[in-house]
Amino acid sequence: MPPTSKHTLPVALALSLLCLRAFGGSEDPSPSEPTFAPLALTVVHINDHHSQLDAFADTTLNLDGTATRVDLGGFARVTSAFQRYANRSDVIKLHAGDAITGSL
Numbered sequence: 006m007p008p009t010s011k012h013t014l015p016v017a018l019a020l021s022l023l024c025l026r027a028f029g030g031s032e033d034p035s036p037s038e039p040t041f042a043p044l045a046l047t048v049v050h051i052n053d054h055h056s057q058l059d060a061f062a063d064t065t066l067n068l069d070g071t072a073t074r075v076d077l078g079g080f081a082r083v084t085s086a087f088q089r090y091a092n093r094s095d096v097i098k099l100h101a102g103d104a105i106t107g108s109l
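Position in the sequence shown (from 1) plus 5 gives the number in the working numbering.
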């Protein structure tokens, strides 16, 4: 059996949706020539969050040589980011897995 990637299903889904949209009808379709419509698509993707539901508080990052303290991650931030796209029809939200270990 050939090896598969954990990204195979999300990529196949995205390509299928693109094909459906591209060949998705027009007012006067010609059977010999497919018509293509422009497609605006936003892909929101997370991966390998390892059930890190809590943020990493008070983390120091070196940004352009300056030590900067930030809070990183946490699923509340992911949820807020996804909610920004709630009323849009041109968004595919993908979660590619690795959600088993962490702060859960």
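In this text, a Cβ means the ideal position worked out from N, Cα and C, and glycines have one as well.
Predicted, not measured: the structure shown is a model, and the values here were computed from it.
Excluding the five sequence neighbours on either side, which residues of its own chain have a C-beta within less than 8 angstroms of the C-beta of residue i, listed in chain order?
i: Tyr90; result: Thr47, Val49, Val96, Lys98
i: Ala45; result: Asp95
i: Arg93; result: Thr47
i: Ala104; result: His54, His55, Ser56
For the alpha helix (DSSP H) containing residue i, name the first residue and the last one.
i: Arg82; result: 80-88
Is the Cβ-Cβ distance between residue i and residue j less than 8 angstroms?
i: Asp76; j: Thr64; result: yes
i: Ile51; j: Val83; result: yes
Kindly list the residues whose CB is nearer than 7 angstroms to the CB of residue i, restricted to its own chain and excluding five residues on each side of it in sequence; keep chain order.
i: Ala19; result: Val48, Ile97
i: Ser21; result: none
i: Gly87; result: Sequence check: residue 87 is Phe here, not Gly. Excluding sequence neighbours, Phe87 sits near Val49, Lys98.
i: His100; result: Ile51
By Cβ distance, which residues of its chain are closer than 6 angstroms to residue i, with the 5 residues on each side in sequence left out?
i: Phe61; result: Leu77, Gly78
i: Thr73; result: Leu66
i: Ser37; result: none
The beta strand (DSSP E) that contains residue i, what's its start and end?
i: Thr64; result: 61-68
i: Leu99; result: 96-100
i: His50; result: 47-51
i: Thr71; result: 71-77
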